[in-house]
Amino acid sequence: MKTLRQQNRPVISYVPRVEPAPPDHAHKMDGFKDVWLLRGKYVAFVLVGDHFRRSPAFTVPESAQRWALQVRQEEEM
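For what it's worth, this note's numbering labels the leading residue of the sequence shown as 336, then goes sequentially.
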């Protein structure tokens with residue numbers, strides 16, 4: 336039996352991207368405060384300081400909004 340390769344591979348966590356503004360080709364989703372439709376996926380943009388943080392792409396807008404709320408709570412702490 337072969338041994339598993341890359342057993343000690345480090346776990347990479349998601350680091351939000353920092354952007355000056357949501358892109359022009361993104362469409363704001365009605366009914367959601369921070370969710371935009373970008374290339375068929377739902378992405379949240381949260382203003383932190385003077386830059387926007389971008390979430391990973393989600394398949395449902397509720398998940399993106401939940402991510403945005405968590406980021407806001409972390410920034411308040």
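Each residue gets a CB set at the ideal place from its N, CA and C atoms; glycine is no exception.
Asked: Cα-Cα separation, Gln408 to Gly384; Found: 14 Å
Asked: Selected residue, minimal CA-CA separation from Glu397, among Ala356, Pro345, Lys376, Glu411; Found: Lys376
Asked: Beta-bridge pairing of His386 - partner residues as DSSP gives them; Found: Val383
Asked: N- and C-terminal bounds of the beta strand (DSSP E) containing Val370; Found: 370-373
Asked: Residues bridged to Glu354 [DSSP beta-bridge criterion]; Found: Phe387
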